[in-house]
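Asker: Below: one structure in structure tokens.
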Amino acid sequence: MDRYDHRAIEKKWQDFWKKEKTFSVGNKNLCSLQKPKYYVLDMFPYPSGAGLHVGHPEGYTATDIFSRYKRMQGFEVLHPMGWDAFGLPAENYAIKTGTHPSITTQKNIENFTRQIQSLGFSYDWDREINTTDPEYFKWTQWIFLQLYNSYFNEEEQKAKPIEELREKLMQEESGFKDLSQKEQEKVLAPSRLAYEKEAPINFCPSCKTGLANEEVENGKCDRCGSTVTRKNLRQWMLKITKYAERLLEDLETLNNWPEKIKMMQKNWIGKSEGTEVIFRIEGTGETVSVFTTRLDTIFSGTFLVLSPEHPIVVKITTPEQKKIVEEYCESATKKSDLERTELQKDKTGAFTGSFAINPANGEKMPIWIADFVLASYGTGAVFADAHDERDFEFAKKYNIPLKLSIAPEYPIYTIIEKSLPEDAKQVLEDFGHLAVSKTTNNWGEFWTLRIPFQKEQELQNYLQNTLLTASEDGGAWYADSIETSNFVIYPHKTFQVFDKQTAEEAKQYGLSVGIPENQVDFPSMLKCFPEKGILVHSGQFNGMKSDEAIPKIRDWLQEKGSAEKRVNYKLRDWVFSRQRYWGEPIPLVHCETCGTQAISPLFEHEEYLSNTKKLGASNRLKSEDDACVVDPCRGTPRALAPKSAFILGENIILCKQKPKRLLRYFQNFINAPCVIQGISETIFVKWKWIYRHFLLKENPMTYSSLNIRCPWRDVVIETLKKAKFSVSPENYVILTLSNNTVLKIIVTRRNDKLYLTTFYPLKVFSEKISPLLPQNALPLTLPVVEKYEPSGTGESPLATIPEWVNTTCPQCGGKAKRETNTMPQWAGSSWYYLRFMDSKNPNVFCSPENEQKWGPVDLYVGGAEHAVLHLLYSRFWHKVLYDLGYVSTKEPFTKLMNQGLILAEDGTKMSKSLGNVVNPDEIVEAFGADTLRMYEMFMGPFEQNKAWNTSATEGMYKFLQKIWRLFEKPFFAENENFHPEIQRILHQTIKKTGDDIEEFKFNTAISQFMIFVNAVQKLEKLPKQEMKSFIKLLSPFAPHLAEEIWQQFFQEKQSIAYEPWEKYNPEMLTEEHTVYAVQVNGKVRGDFKTSKNTPKEEVFEQAKKLENVQKWLTGKEMVKEIFVPEKIIGFVVK
RNA sequence: GCCGGGAUGGCGAAAUGGUAUACGCGAAGGACUUAAAAUCCUUUGGAGUCACAUCCGUGCGGGUUCGAGUCCCGCUCCCGGCACCA
């Protein structure tokens, strides 16, 4: 028997699966359409230059096991893979080297594909997608236009076509219908779900682009770590805030999402229900609204604070204060968000000179401005009082008077053990709930005592009269409840509290040192009480609890017209535009006469579904006669194409006449197999490269004599000379020419002649071809640029290309300029799961039939880092598409799982700079894909972070070898095939494997495999049926090994991938005999084996007979007997 | 500060309130071998003992229970997220 040769075995089966299209969902040989569907999705990767990290296969293996398991259970499983390929690394590389990002991306994708395929995942590669492919991002742009063409209807709480709003406005008497087209657009624009706004946004000076809130971490750019500044920029925004409530509500329906992720989204959306209070400003007609959740503190509101950006600041600042206020505002705007938040200890502000009237008690409140009040939350203004830490601190600093209006519901005293005699604890416990809160070396234990109000006086008396003792250093320590009630008890009048040092030291331990209540003036209050409690000094609301008082005060103020219920969200609108090159261009143009206009998608959804034939005759094509193919070598259209073809992105569309002849014609021009998608009379041909052959002389040194007529002849010849490459299609060179176009060249031999072939990616030439495209159709592809470098002024690099920027208006045909911003990386990933359901459809982003057949995603697996980015964005887009009728479910992902991180051996994060990155290629080479898969699943719980351990990896390799070696033994003959023990373990294994896969507990499933294998290993011969069952259970985990064993040792012809999953027999799970543990008073004192069916009485009898049990029972009185069937006998004795 | 999650042998870890440490790694000893590797067998929480018995052990302090890693109360520490959100 051969040794376990993982290299040969894995190669063999990967080739087999590829050739047989085993996992292609369209493959009707293996999949019947009658099966129930199951959609298993990985978060698709960004194909970085670094290649696959061992963290990637963790999630991919888990989903692969799940997919294979579901297939064996008879589901039709959709399990696709693709590339989230727009992104900064490729662009930054382009800036450095001039290599077009699509080239870098293509290379990286090739590498990723190789690596992922080497792990034997059962992806349906026929459905591969790439967000940078115009065929894909055409639909990203299309969805953007759906957002652009929609508004949020407040009554229905859903997105509706903007035209509906236009209609409504036309019928109103507001004069809307008399406005010019451009004026009308201006009125509608702010209502669109995608709208433009000049706003102070997060700007990364290093990436030179605006960022969404979700992309800023601690005031730093989450890509490069630079400090984010504020910049006023014209930005495209998406109205995600309109969906805040629905995004929040529907979280409740996601029962199979981790609580952690739901909580993060909840916090991010940040709903808070409160009251908007209106304050009159004294001496003017002006009012200021503030948002509060603590209306119960209104009676202690002694001042107002506005953010420096608040528009009313200018109006209400008195002449005397003008200078100070202006200076303050200026310095505040200069600060970055980071500076504003980092210096949170030191609050600053300025007095405006004006006063507002507290609507609750009519008192005058000075109005201040301060940058601790955020302009972006609530109304940008707050009323400030003694029961808020920040207000409290601010008031202390500027000597603003404070008032109390909340007293604690339960007095809580902090008592230091050291200050009490030893027997005090018992007495204190009688007062209320006593607990140790902390212990320090200096002070001993700190107890917290929570008591009812009625007992407070009694306690104070007790403490003062009985217990308080002098401390070693002469002071006296005492019970202190200042944290909750501002009461301070002085046991000894001699104790001085004005010693600052003592106060500081005490503070360190959470103690406040203060002065007695009757002497307290509020500026010297030591500690803020921010919790809810009982209202005091609050007029008719005195004595109410906070929560009870809030609605009552609100009703009272509302009657007076100065308050209203209000809901606020932390969620901000999504800043959607980026000033970068490598992203989807935003498909809009700005027309001088019509205003902003959408590029109309060529394939209108309904239009296409109703009649595909219309397509060829689309009136957007100026004339079909214009359609032609450009030979980029000549740079001029050769008008070769017959009348009935036109080019759209990467598609050549042949229509109407003699499509087959036309196809042959194009095949001469197109390298790569032509994918033909026939829809009635229209045929689509996908092409990637345009090529030309040039005959070469035998001697490569004579390249110079080559008769190439093209603008870059010299570069080509120079490269050929340098590269000296051999004749092989694998051996190609990619050149970047001076105009940034790229060229792939290879040398091939045909009929004993050498040819030089040059390939031009069509993508790069799309602009040259674009005059031939129907005007303003999707996809709007990226133009060829000279420089990828962002300008830094907040303008996209696309803005520097007049030929691209200047265009015509799709509405009026007049002069117009293109939108030059691109979309953020999140755009493409916000809907890709839909594209997988119908990845090749040229007519619609995902057909309703396919969406209904496959959607929603049943299992979605990826890292937790996307909790508030991708996962929130895609939920938002999905809901918009749902409102517009394009998808049938409210939520895109039914079940979500997050894999933990894989850390380096020392428990630190793997990183290039630390040099501790484990490359999966090395593991696959040394031990094989099955070992890597099994090991990563065995490491620990799926959702937990785990450290890599190379020797444990080897251990897993040995385990697989052990399985292989089992088959050195002969099988039992049919008639001797009875192995109760093995069968029991097998059935346990069947049960456990299934249960564990369902629960994502792959580590324990593998433990069970080991138990089974250890048991079989002890046998002389192999039980054939049991082994077959076991190999099936193993196959989702180690598919290559399983397939090989299946074929080689069981002589099976079909792939194991669609074998039915094993079922267990519950009766086989337990033994005939069971071991009872005998406990006396809860401690195990012995055990014995007995038949499963032994009656209870007999079991007790047997238990009592045990020598060691007798020992513990004799001389004791039996109190109770406990019987847990098949497990425990318990005796309780006295 | 707030919100999540966690803490079990030398290490990764397992345990519907029911014999804590399954399974693996590492380590030690043994078999096979000229030798090594590979493989197989044995041991492996601590104290104690010739061996048994017994006692102690799941971050800490309490509690409920015949019985607690698991449930309850009060803490400590670690990890993750949010953070001047009024």
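Anchor point for the first sequence: position 305 equals 306 in my numbering, and the numbering is continuous, going up by one each time.
The beta-carbon is built from N, C-alpha and C at its ideal position, and this holds for glycine as well.
(1) State buried or exposed for E197, treating a residue as buried only when at least 16 other CB atoms are found within 10 Å of its CB.
(2) Quick test of your reading: Q900 and G941, contact by CB under 8 Å. State the CB separation rounded to the nearest angstrom.
(3) So for R819, helix, strand or coil by DSSP?
(4) Thinking I407 and L536 are a contact (beta carbons under 8 Å), I'd like their distance in whole angstroms, please.
(5) Would you give the residue range spanned by the beta strand (DSSP E) that S1008 belongs to?
(6) Between E92 and S792, what straight-line distance do the alpha-carbon atoms span, to the nearest angstrom?
(7) So is S914 buried or exposed if we call it buried at 16+ other beta carbons inside 10 Å?
(8) Output needed for Y109: all residues of its chain with C-beta closer than 7 Å, excluding positions within five of it in sequence on either side, in chain order.
(9) Can you give me the start and stop residues for the alpha helix (DSSP H) that Y834 sits inside?
(10) Between which two residues does the alpha helix (DSSP H) harbouring S830 extend?
(11) According to DSSP, which residues form a beta bridge with K232?
(12) Between which two residues does the alpha helix (DSSP H) holding M171 run?
(13) One question on the structure: do G795 and Q559 come within less than 9 Å of each other, judged by their Cβ atoms?
(14) If we ignore side chains and look at the alpha-carbon of each, how far apart do Y936 and D574 end up?
(15) At which residues does the alpha helix (DSSP H) containing G956 begin and terminate?
(16) Label G83 either buried or exposed according to how many other C-beta atoms from any shown protein chain fall within 10 Å of its C-beta, with 16 as the threshold for buried.
(17) What residue does the beta strand (DSSP E) around A800 start on, and which one ends it?
(18) Quick check on the burial criterion: 16 or more other C-beta atoms within 10 angstroms. Buried or exposed for C222?
(19) Give me the DSSP bridge partner(s) of I130.
(20) Would you kindly check if the distance between the Cβ of E394 and the Cβ of K533 is under 9 Å?
(21) Would you call S889 buried or exposed, if buried means 16 or more other Cβ atoms sit within 10 Å of its Cβ?
(22) Look at the alpha carbon of K571 and the alpha carbon of T318, and state the distance between them as a whole number of angstroms.
(23) Just verifying my parser: in three-state terms, what is the DSSP assignment at T298?
(24) Between A905 and R72, is the Cβ-Cβ spacing less than 9 Å?
(25) Around the Cβ of E1163, are there at least 16 other Cβ atoms within 10 angstroms (buried) or fewer (exposed)?
(26) Hey, D125 and V26: beta-carbon distance below 9 Å or not?
(27) Between the segment 181–194 and the segment 848–859, do at least 3 Cβ pairs fall closer than 8 Å?
(28) Checking 9 Å against the spacing of the C-beta atoms, do Y61 and L120 come in under that value?
(29) Could you spell out the range, first to last residue, of the alpha helix (DSSP H) harbouring F1132?
(30) Could you check which residue in E274, Y329, K993, I1123 has the C-alpha nearest to that of N569?
(31) Once DSSP output is grouped into helix, strand and coil, what is the label at S547?
(32) Give the straight-line distance between the Cα atoms of K209 and L870, rounded to the nearest whole angstrom.
(33) Out of V881, N1109, R819, M824, point me to the one whose CA is closest to R247's CA.
(34) Assign A1006 to one of two classes, buried (16 or more other C-beta atoms within 10 Å of its C-beta) or exposed (fewer than that).
(35) So, helix, strand or coil for P674, using DSSP?
(36) I'd like the list of long-range same chain contacts for F1013, defined as Cβ closer than 7 Å, with 5 residues on each side in sequence excluded.
Answerer: From the atom records:
(1) buried
(2) At roughly 11 Å, the Cβ-Cβ gap does not stay under 8 Å, so Q900 and G941 are not in contact.
(3) Three-state result, R819: strand.
(4) 6 Å
(5) First-last for S1008: 1003–1018, but that is the alpha helix (DSSP H), not the beta strand (DSSP E).
(6) The straight-line gap from Cα to Cα measures roughly 14 Å.
(7) Looking at its Cβ environment, which holds fewer than 16 other Cβ atoms inside 10 Å, S914 is exposed.
(8) It should be pointed out that residue 109 corresponds to Asn in this sequence rather than to Tyr. Correct list, in chain order: P48, S49, G50.
(9) Start and end: 833–836.
(10) First-last of the alpha helix (DSSP H) with S830: 827–830.
(11) I202
(12) 163–172
(13) no
(14) 43 Å
(15) Boundaries of the alpha helix (DSSP H) harbouring G956: 951–967, taken from the DSSP string.
(16) In the assembly as shown, G83 is a buried residue. Its beta-carbon has 16 or more other beta-carbons within 10 Å.
(17) Counted as a single uninterrupted DSSP element, the stretch harbouring A800 is not any beta strand (DSSP E), since DSSP gives it neither H nor E.
(18) buried
(19) Paired residues: G83.
(20) No, Cβ-Cβ distance for K533 and E394 is not below 9 Å.
(21) exposed
(22) 29 Å
(23) In the structure shown, T298 sits in a helix (DSSP, three-state: H, G or I).
(24) Taking C-beta atoms as the reference points, A905 and R72 fail to come closer than 9 Å.
(25) The displayed coordinates of the chain run from 2 to 1135. Any statement about residue 1163 would go beyond what the structure contains.
(26) Contact check for D125 against V26 passes: the beta carbons are separated by less than 9 Å.
(27) no
(28) yes
(29) Note, F1132: premise wrong, no alpha helix (DSSP H); beta strand (DSSP E) at 1129–1134.
(30) Nearest option by C-alpha distance: E274.
(31) In this structure, S547 counts as helix in the three-state DSSP scheme.
(32) 20 Å
(33) V881
(34) A1006 comes out buried.
(35) At P674 the pLDDT is 32, less than 50, meaning the model places this residue with poor confidence and gives no usable figure here.
(36) I986, L987, T990, F1031
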